[in-house]
Amino acid sequence: MSLKNLLQTAFIFYIQGHCIAPLFAQTKDSVLIKGQIADSLQQPVAWATITLAKGDSVIFTTPTNEHGAFSFAIKRGMGGSLTITSAAYLPFTTPIHWGQVVSGKLDLGRLTLQQSGKNLQNVTVTAARPLIKKETDKLVYNTEADPESKFRSVLDIMKKVPYLSVDGQENLTLKGNSSYRILINGKPSGAVDNDPKNFLKTLPASTIQSIEVYTIPPAKYDAEGLGGVINIITTKRVGEGYKGSTNISEGFPSGGPSGGFSFTATHKKLGVELYGGGSFSSNPRVANTTNRTTSGDEPTHLNVSGNHKSRNNGRYIGTQFSYDLDSLQLFTVQLNLNEFNSKDNRNRSSVLQQEATTLQQFTMAGKTIAGNNGFDGGLNYQLGFRNDKSRLLTVSYRYMQYKTSSTDYNDFLKAINYPVTDFNQYNNTSTMEHTGQVDYIQNIKKVKMEAGIKTIFRDNKSQFNTMEYDSATDRFLDDPAQQDAFTNHQAILSAYNTYSFSLKSWGFKAGARLEETINDIDFASTQTTVNNNYFSLVPSVVINKSYTNGTYISLGYNQRLKRPGINRLNPFVNLSDPNFITYGNPDLKPSLIHNFDLGYGSNKKQSINIGLSYAFSNNLDLKTSRYDTASKVTFTTYDNSGKIAALMLNYNLNLAITKALRTVINGNIANFWIQSAVDLRIVKTQQLLYTATISNKYTFTKGWIVNASVYLYGKNLAPAQIQGTVSGYAATGFSVSKNLIENKLSLSAYINNPFTKFRNSRTEITSYDFAETTLNQEYFRKAGFSINYRFGKLKRDIKKNKRGISNNDVSN
Numbered sequence: 001m002s003l004k005n006l007l008q009t010a011f012i013f014y015i016q017g018h019c020i021a022p023l024f025a026q027t028k029d030s031v032l033i034k035g036q037i038a039d040s041l042q043q044p045v046a047w048a049t050i051t052l053a054k055g056d057s058v059i060f061t062t063p064t065n066e067h068g069a070f071s072f073a074i075k076r077g078m079g080g081s082l083t084i085t086s087a088a089y090l091p092f093t094t095p096i097h098w099g100q101v102v103s104g105k106l107d108l109g110r111l112t113l114q115q116s117g118k119n120l121q122n123v124t125v126t127a128a129r130p131l132i133k134k135e136t137d138k139l140v141y142n143t144e145a146d147p148e149s150k151f152r153s154v155l156d157i158m159k160k161v162p163y164l165s166v167d168g169q170e171n172l173t174l175k176g177n178s179s180y181r182i183l184i185n186g187k188p189s190g191a192v193d194n195d196p197k198n199f200l201k202t203l204p205a206s207t208i209q210s211i212e213v214y215t216i217p218p219a220k221y222d223a224e225g226l227g228g229v230i231n232i233i234t235t236k237r238v239g240e241g242y243k244g245s246t247n248i249s250e251g252f253p254s255g256g257p258s259g260g261f262s263f264t265a266t267h268k269k270l271g272v273e274l275y276g277g278g279s280f281s282s283n284p285r286v287a288n289t290t291n292r293t294t295s296g297d298e299p300t301h302l303n304v305s306g307n308h309k310s311r312n313n314g315r316y317i318g319t320q321f322s323y324d325l326d327s328l329q330l331f332t333v334q335l336n337l338n339e340f341n342s343k344d345n346r347n348r349s350s351v352l353q354q355e356a357t358t359l360q361q362f363t364m365a366g367k368t369i370a371g372n373n374g375f376d377g378g379l380n381y382q383l384g385f386r387n388d389k390s391r392l393l394t395v396s397y398r399y400m401q402y403k404t405s406s407t408d409y410n411d412f413l414k415a416i417n418y419p420v421t422d423f424n425q426y427n428n429t430s431t432m433e434h435t436g437q438v439d440y441i442q443n444i445k446k447v448k449m450e451a452g453i454k455t456i457f458r459d460n461k462s463q464f465n466t467m468e469y470d471s472a473t474d475r476f477l478d479d480p481a482q483q484d485a486f487t488n489h490q491a492i493l494s495a496y497n498t499y500s501f502s503l504k505s506w507g508f509k510a511g512a513r514l515e516e517t518i519n520d521i522d523f524a525s526t527q528t529t530v531n532n533n534y535f536s537l538v539p540s541v542v543i544n545k546s547y548t549n550g551t552y553i554s555l556g557y558n559q560r561l562k563r564p565g566i567n568r569l570n571p572f573v574n575l576s577d578p579n580f581i582t583y584g585n586p587d588l589k590p591s592l593i594h595n596f597d598l599g600y601g602s603n604k605k606q607s608i609n610i611g612l613s614y615a616f617s618n619n620l621d622l623k624t625s626r627y628d629t630a631s632k633v634t635f636t637t638y639d640n641s642g643k644i645a646a647l648m649l650n651y652n653l654n655l656a657i658t659k660a661l662r663t664v665i666n667g668n669i670a671n672f673w674i675q676s677a678v679d680l681r682i683v684k685t686q687q688l689l690y691t692a693t694i695s696n697k698y699t700f701t702k703g704w705i706v707n708a709s710v711y712l713y714g715k716n717l718a719p720a721q722i723q724g725t726v727s728g729y730a731a732t733g734f735s736v737s738k739n740l741i742e743n744k745l746s747l748s749a750y751i752n753n754p755f756t757k758f759r760n761s762r763t764e765i766t767s768y769d770f771a772e773t774t775l776n777q778e779y780f781r782k783a784g785f786s787i788n789y790r791f792g793k794l795k796r797d798i799k800k801n802k803r804g805i806s807n808n809d810v811s812n
């Protein structure tokens, strides 16, 4: 779609949102509710949060203006109570008496708030939480305060969370970085580790309470994850009885049906949580081309054209059981299962020429069948102390295993000067780990002290082989030169200590983590062992200053590690594309990155959060590609030669344009300086990157919500590749949703990129002796719908351990 058409579309929706839609803001069935909030001295309370609720369901939220006044239109009978919250004041709740409505108006008059002797963050107000809250070391997006959480997935909500971005392919990044860790209630889950996109797409946002973003993670978390840590807190507003949520959705022509659910029940001392989901997805056949031009004494030109289609399916289920042994002892058990399968069919034609002479030519039909499955389970014991409520001891154990299998079938036709015969490749990997952890918390006067020790014993294994077709026997036979068994025994011993305290409006948190990593890598074919041991000291410091008007300034520094996982260490040589061969590097070492953060935010009527960060690393593991003149093949692997520096600005603006129209602007701008050694030569590059999401939501009085969004993505660096870039693009999305049956049932429909059927993603890789351009066609236009239903009601909270195991130390 041209820029002109894009601007015209955006302008039309702007006019609709600002001029046409407000005409329908109040209908004959709606009531205008108004009032004013004052303190005990009858002074107006500006920017207080007004929340209309019915039972446990939040119907509508709006802030007061600078004079403490508020007014909004709502359908008659939609709410049962109005709650007012503001910093330094006690929450105030008043019932809505619909019988007092006169001429379509309900004037509540002046409502008085009483000052609180304690900070509001220590008061639980389940129906009126601020949308965004800044704490000393994290930023919290309160999903329960977002009305869209009733019918959106967690991935949809993340598009509005500061520091998080979701691109057109539904890939999530933290501060523009794809290296991060996602935890569920502070603990890892195999479902989110192994297939995060599918998990976040099928998990209903109505099942979670908040999303915590740590850009400077505290020392209690493992040092892995260059971007930081995302912690998803599941809904805790539960009690005696049961409640649940379920959703189903469908997307086409690419995509397919998916669904997710959550269920929570408690009875006396026993609590149970269960969540799960699954999806079936198909991507229709699309085209792709690659052109590579080489220089030197014998320049060549390679043209590869082809197409492929794919199908995949995945499912996950997780559960937690909790039991209160007594008022001081809590025992919990977690179990998670997940599985993912895919099938890809491809056709490819390749022609290699030197000037006008054809050196090599072939046509290939290929198929890849892959699958993975995982299981993890954990035990946690928490002990409180009667004489000191601040003391807490937690002992945890976790077992995890994860297996993958991949089979490539490659058949060659019409080969000219290409001696390779048909072949099949098999690659099976597995990861198994045992983790033990002890955590202790105690307040020493006004200082909160946290300490802990942790051990991880992990085995990574890979077994791969290639079988080539033998025409004499009409069978596929093993190729001894292309098979091996690879085992990585890893032990990680760590300890951490953190101190935090508050001094009036200042918050301080500082700590350090010690990690000793012991690696033994064994190769069966050569009977050799590689030892790769290292010691890491990872500090973390955060300072936060809060102001009474709702603004804050924060400053932080930390170090993060990026350990290579099995995918990067595995020396398996992937021959599925004979012109471009990839393999891992078992000699990789962990990458260390230094990160400085400066943040500013104001979360009042208009929410603004801005973060400026600078990061650098001198041993980042990056992909490097080299061209072999003898075989005419490009080889790609990983190497620790990368030096990188980045200056980044992250911004999030959540603006109430009118009472019904809200605009969210979320994105980042970054400049990267990268240097790496490629084929014994130093390569340097500088790249300016940017992303921006502009989302407009208009809420009608009868439960209808309309969204119009524009997504802008500038040219990006190819994943972990200094030599490559990926083209930018613009995308649009439109949706409509409706709440039914007292907000228990919600229906929504969407269409993305209605003006563009396909998108051509252009990847360019250059080196001193070759230039390569790849065009991948992707289905861009997509439509779908979803149905969400919530049921049940509970009265008391399920207890969860305040500490637990979070293995966020490995990145693939």
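The UniProt record's numbering numbers the first residue of the sequence shown as 1 and each following residue consecutively.
Note that CB positions come from ideal geometry on N, CA and C, so glycine has one too.
Check whether the Cβ atoms of residue i and residue j lie closer than 8 Å to each other.
i: THR756; j: THR763; result: no
i: residue 835; j: THR691; result: Nothing can be reported for residue 835, as the shown portion of the chain is limited to 1 through 812.
i: ASP408; j: SER576; result: yes
i: LEU172; j: LEU203; result: no
i: PHE770; j: THR293; result: yes
i: GLY35; j: GLY80; result: no
i: SER761; j: GLN723; result: no
i: ASP522; j: ASN531; result: no
i: SER279; j: ASN198; result: yes
i: ASN788; j: LYS160; result: no
i: ILE96; j: LEU113; result: no
Return the chain-ordered list of same chain residues with a C-beta closer than 8 Å to the C-beta of residue i, the five sequence neighbours on each side being excluded.
i: GLN329; result: TYR381, GLN382, LEU383, GLY384
i: VAL101; result: VAL31, ARG76
i: GLN26; result: Low confidence applies here, because GLN26 scores a pLDDT of 47, under 50, leaving its location unreliable; read the following figure in that light. So the qualifying residues of the chain are LEU32, ALA73, GLY104, THR701.
Report all residues from its chain with a CB closer than 6 Å to the CB of residue i; omit the five preceding and five following residues, and keep chain order.
i: ASN291; result: ASN303, THR773
i: LEU23; result: The pLDDT assigned to LEU23 is 35, lower than 50, so where the model puts this residue is not dependable; a value taken from the coordinates is nonetheless given after this. Closer than 6 Å at Cβ, skipping near neighbours: no residue.
i: ASP679; result: ARG626
i: ILE518; result: ALA491, ASN533
i: residue 818; result: One cannot answer for residue 818 here, as it falls past the ends of the chain, which runs 1 to 812.
i: ASN652; result: PRO162, ASN609, ASN666
i: SER546; result: SER505, TYR552
i: LYS509; result: THR136, ASP137, SER500, VAL542
i: LEU647; result: TYR614, ASN671
i: THR319; result: LEU274, LEU335
i: THR455; result: GLY436, LEU493
i: ASP639; result: THR624
i: ILE694; result: ILE665, VAL710
i: SER405; result: GLY371, ASN428
i: GLY792; result: TYR242, LYS243, GLY244
Report the CB separation of residue i from residue j in whole angstroms; it is logged as a contact under 8 Å.
i: SER281; j: ASN312; result: 5 Å
i: ASN696; j: LEU661; result: 7 Å
i: GLY366; j: ASN410; result: 5 Å
i: ALA191; j: ASN341; result: 15 Å between Cβ atoms; not a contact.
i: GLN353; j: HIS308; result: The Cβ separation is near 24 Å, so there is no contact.
i: GLY511; j: ALA219; result: 3 Å
Measure from the C-beta of residue i to each C-beta in chain B and report whether the shortest distance is under 8 Å.
i: ALA481; result: Absent from the structure: chain B. Only one protein chain is present.
With a CB to CB cut of under 7 Å and the five nearest residues on each side skipped, what residues in its chain are close to residue i?
i: HIS434; result: TYR399, PHE457
i: PHE572; result: ASN427, SER462, PHE464, TYR583, GLY584
i: ASP146; result: LEU131, ILE157
Only counting runs of 3 or more residues, tell me where the beta strand (DSSP E) segments fall wholly within the region 209-275, in order along the chain. Correct list: 229-234, 241-252, 258-267.
Is the region 602-621 in contact with the region 724-740, if contact means three or more CB pairs nearer than 8 Å? With a cut-off of 8 Å, the region 724-740 and the region 602-621 do not count as touching, because too few Cβ pairs lie within range.
Within the region 713-754, ranges of the beta strand (DSSP E) (whole runs, at least 3 residues): Taken in chain order, the complete beta strand (DSSP E) segments of 3 or more residues contained in the region 713-754 are 724-726, 729-740, 745-752.
Report yes or no: do three or more beta-carbon pairs, one from the region 441-452 and one from the region 397-406, lie closer than 8 Å? In this structure the region 441-452 does not lie against the region 397-406, because fewer than three pairs of beta carbons, one per stretch, are closer than 8 Å.
Can you give, in chain order, each stretch of the beta strand (DSSP E) that sits fully within the region 271-350 and has at least 3 residues? Here the runs fully enclosed are 301-324.
The region 143-154 in contact with the region 204-220 per 3-pair CB rule at 8 Å: Judged by Cβ distances under 8 Å, the region 143-154 makes contact with the region 204-220, as three or more pairs qualify.
Taking contact to mean at least 3 C-beta pairs separated by less than 8 Å, is the region 535-553 in contact with the region 566-574? The region 535-553 vs the region 566-574: no contact.
Does the region 355-372 come within contact of the region 402-422, defined as at least 3 CB pairs closer than 8 Å? Short answer: they touch.
Could I get the ranges of all uninterrupted beta strand (DSSP E) runs contained in the region 545-618, with 3 residues as the minimum, in chain order? DSSP runs (the beta strand (DSSP E)) wholly in the region 545-618: 551-564, 580-582, 591-603.
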